[in-house]
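In my numbering, the protein residues as written are 13 to 432.
To start, the structure under review is shown below, and the notes come after it.
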Ligand code: AMP
Ligand code: GLY
C-alpha cells in the first residue's frame with residue numbers, strides 16, 4: 013500500500029517514522045516533509061494547501077491512502093477533495109473539522125448536546141461583544157472564531173482589556189479568523205488533554221500525553237505550539253479518561269454523526285479540570301505536536317492498520333497495544349521563538365544523540381544545507397527518549413540534548429516536571 017503523509021513538522025516525522033515500520037506499507041511519501049523525514053519517506057515539494065497538486069501527485073504515484081497531519085488542510089476540505097477523486101484519506105472531512113476550525117461551531121454543538129464547557133456568547137460586532145463582556149464581567153476570555161495558529165485567544169483580566177482584544181480582532185488582528193468572536197467565562201483549574209481515534213462512531217482511546225505550551229521554565233512566558241511533552245500523563249487518571257470519553261468525546265462524536273457530518277480521525281480534546289469536573293476548552297482534529305512524538309514511540313501496534321481501521325469504520329473490532337515505557341520529548345527551538353528568529357544555522361550532533369539508544373530525534377523545522385542539517389523554522393528538533401518512568405525518560409532525553417551541537421538553539425530545562 014502506497015501512503016502519502018501531508019505536513020512537515022515533528023508530528024509528521026513521528027507519523028512517517030511509525031508508518032515506515034508497517035508491514036502493510038509499500039512506498040512512503042511526504043509532502044513537503046523535512047530533512048529528517050527524508051530518512052523514512054521520499055519528500056515531495058508540495059504545499060499542504062495545494063489540493064490540485066496533491067490530487068495529481070496521488071494519481072501519478074498510485075497513492076492508496078493519505079494521512080493528513082495539520083489542521084489547516086483538514087479544515088479547508090482536503091479529505092473531501094481527495095475522496096471526490098477516489099483517494100482514501102485519514103482525517104475528518106471539512107464539515108466535521110469545523111469543530112476545530114470554528115470555535116463558535118464547537119461551542120454551539122456543546123450547547124445543543126449538553127457537553128460541559130465554559131459559558132459563552134458568539135459575537136460578530138463590537139456591540140455584541142461589549143454586551144456580553146459587561147454581562148460576564150472580568151476576568152473573561154476573548155477568542156477569534158477561526159484558526160489563528162494558537163494566537164487568537166486573550167485571557168483578559170479587566171473588561172477594558174477584553175474590549176481592546178475584541179476591537180483588535182474585529183479590526184483584523186487575526187485576519188479572517190477574527191471576523192467573528194467567542195467570548196467565554198474564564199475557567200480555573202489544571203489543563204489536560206485527551207486523545208482518541210474515531211471512525212465516525214467508535215471512540216478508541218489513545219494513551220495519555222501532556223505538552224508544555226509556555227516557552228519558559230516553570231510554564232512561564234508566551235505560549236508556543238508546545239516546547240515538549242510526556243506520556244503517560246498522570247493527571248489523566250483512568251477515571252478522568254473515562255469521564256472525558258463518556259461525557260465529552262462520545263457525545264460530540266454522536267452529535268456530529270446525528271447531524272450528518274460524522275467524524276473520522278484523531279480527536280484531541282483540550283480539557284480544563286475544574287471543581288465541577290472536566291470541561292472542554294477546545295477540540296483539535298489531528299494529533300498534537302509534540303504530543304504525537306511521545307505517543308507514537310509507545311505504540312506497539314501497527315499505526316497504519318489503526319488509521320485504516322478508523323477510515324474504514326472498523327474501530328469497534330480494533331484494539332491498540334502500548335509499551336509500558338514512558339516517553340518524553342524536549343523541543344529544541346531557534347533563539348527568539350515564538351517571536352522573530354533567524355533561519356539557516358547549522359545543527360550538529362543528531363547522530364551522537366541517537367547513539368545513546370532509546371532516543372529518536374524527530375525533525376520539525378529543518379532543511380538540508382550544503383554542509384548538513386540547518387534550522388529552517390521556530391521549533392526545529394524534538395529529542396525523544398523512552399525510559400522505565402517519566403523521570404528516567406527525562407534524564408535520557410536531556411543527556412541526548414547535551415549531545416546536540418547547535419548554539420543558536422534553546423530548550424526548556426524542565427519538561428515533564430509535573431510527572432517526574
Ligand atoms: P484554546 O485555543 O481555546 O484552547 O485556548 C488556548 C489556551 O487559552 C488554553 O490552552 C487555555 O490555557 C486558555 N483558555 C482558553 N479558554 C479558556 C477559558 N474559558 N478559561 C480559562 N482558560 C482558557
Ligand atoms: N501541542 C498542542 C497542539 O498540537 O495543538
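Note that beta-carbon positions come from the ideal geometry of N, C-alpha and C, so glycine has one too.
(message) At the level of alpha carbons, what is the spacing between residue 278 and residue 255?
(response) Distance between the alpha carbons of residue 278 and residue 255: 18 Å.
(message) I'd like to confirm the pairing. Which residues does DSSP put opposite residue 274 in its beta bridges?
(response) Partner(s): none; residue 274 has no beta bridge.
(message) Please report the distance separating the alpha-carbon of residue 366 from that of residue 301.
(response) 20 Å
(message) One question on the structure: do residue 121 and residue 155 come within less than 8 Å of each other, judged by their Cβ atoms?
(response) No. Outside cutoff.
(message) Would residue 49 and residue 73 be called neighbours here (beta carbons separated by less than 8 Å)?
(response) no
(message) Just to be sure I understand the criterion: a residue counts if its Cβ is closer than 6 Å to at least one heavy atom of the ligand GLY. Which residues meet that?
(response) 223, 237, 238, 296, 300, 301 and 303
(message) Does the beta-carbon of residue 83, which I'm using as the reference point, lie nearer than 7 Å to any heavy atom of the ligand AMP?
(response) no
(request) Just the C-alpha distance for residue 356 and residue 419, rounded to the nearest angstrom, thanks. (result) Taking the CA atoms as reference points, residue 356 sits about 12 Å from residue 419.
(message) Quick check on this structure: which residue in 177, 274, 349 and 140 has the alpha carbon closest to the alpha carbon of residue 212?
(response) Comparing alpha carbon positions, the residue from 177, 274, 349 and 140 closest to residue 212 is 274.
(message) In whole angstroms, give me the CA-to-CA distance for residue 160 and residue 113.
(response) 9 Å
(request) Could you name each continuous alpha helix (DSSP H) segment of 4 residues or more that falls completely within the stretch 39-123, going from the start of the chain to the end? (result) Within the stretch 39-123, the complete alpha helix (DSSP H) runs of at least 4 residues are 63-72, 83-87, 90-96 and 106-113.
(message) Tell me which residues share the same chain as residue 305 and place their Cβ nearer than 6 Å to its Cβ, disregarding the 5 neighbours each side in the sequence.
(response) 22, 26, 341, 374, 394 and 396
(message) Using the Cβ count rule (16 or more neighbours within 10 Å means buried), how would you classify residue 130?
(response) buried
(request) Could you check if residue 38 is buried or exposed, using at least 16 other CB atoms within 10 Å of its CB as the buried criterion? (result) exposed
(message) Tell me the rounded alpha-carbon separation between residue 204 and residue 382.
(response) Spanning the two alpha carbons is a distance of roughly 42 Å.
(message) Considering only heavy atoms of the ligand AMP, does any lie closer than 7 Å to the CB of residue 199?
(response) Yes, the beta carbon of residue 199 sits closer than 7 Å to at least one heavy atom of the ligand AMP.
(message) Counting C-beta neighbours from all protein chains within 10 Å, is the total for residue 223 16 or more, i.e. buried, or is it exposed?
(response) So residue 223 counts as buried.
(request) Specify the secondary structure class of residue 297 as computed by DSSP and reduced to three states. (result) coil
(request) Kindly examine the ligand AMP and report whether one of its heavy atoms sits closer than 7 Å to the Cβ of residue 355. (result) no
(request) Put residue 362 into one of helix, strand or coil per three-state DSSP. (result) helix
(request) Compute the Euclidean distance between the alpha carbons of residue 188 and residue 182, then round it to the nearest angstrom. (result) 9 Å
(request) At 3 residues or longer, and completely inside the stretch 183-216: list those beta strand (DSSP E) runs for me, N to C. (result) 193-197 and 202-211
(message) Quick check on residue 332: does DSSP put it in helix, strand or coil?
(response) It is coil, neither helix nor strand.
(request) Consider the C-beta atom of residue 1 and the heavy atoms of the ligand AMP; say whether any pair is separated by less than 7 Å. (result) Within the shown structure, residues of the chain are numbered from 13 to 432, placing residue 1 beyond reach of any answer.
(request) Using DSSP bridges, identify the partner residues of residue 222. (result) 242
(message) Would you say the beta carbon of residue 282 is closer than 7 Å to some non-hydrogen atom of the ligand AMP?
(response) yes
(request) Compute every distance between the C-beta of residue 167 and the non-hydrogen atoms of the ligand AMP, then say whether any falls below 7 Å. (result) yes
(message) Three Cβ pairs or more, each shorter than 8 Å: is that satisfied between the stretch 217-232 and the stretch 419-430?
(response) yes
(message) Quick check on DSSP: helix, strand or coil for residue 164?
(response) Shown here, residue 164 sits in coil according to DSSP, grouped into three states, outside any helix or strand.
(request) Give the C-beta separation of residue 76 and residue 100 to the nearest angstrom, bearing in mind that I take them to be a contact with Cβ-Cβ under 8 Å. (result) 7 Å
(message) Let's test the definition: count the other Cβ atoms within 10 Å of the Cβ of residue 389 and tell me whether it reaches 16, buried, or not, exposed.
(response) buried
(message) Along the chain, where does the beta strand (DSSP E) containing residue 399 start, and where does it finish?
(response) 391-399
(message) Shorter than 7 Å, the distance from the beta carbon of residue 343 to the closest heavy atom of the ligand AMP, or not?
(response) no
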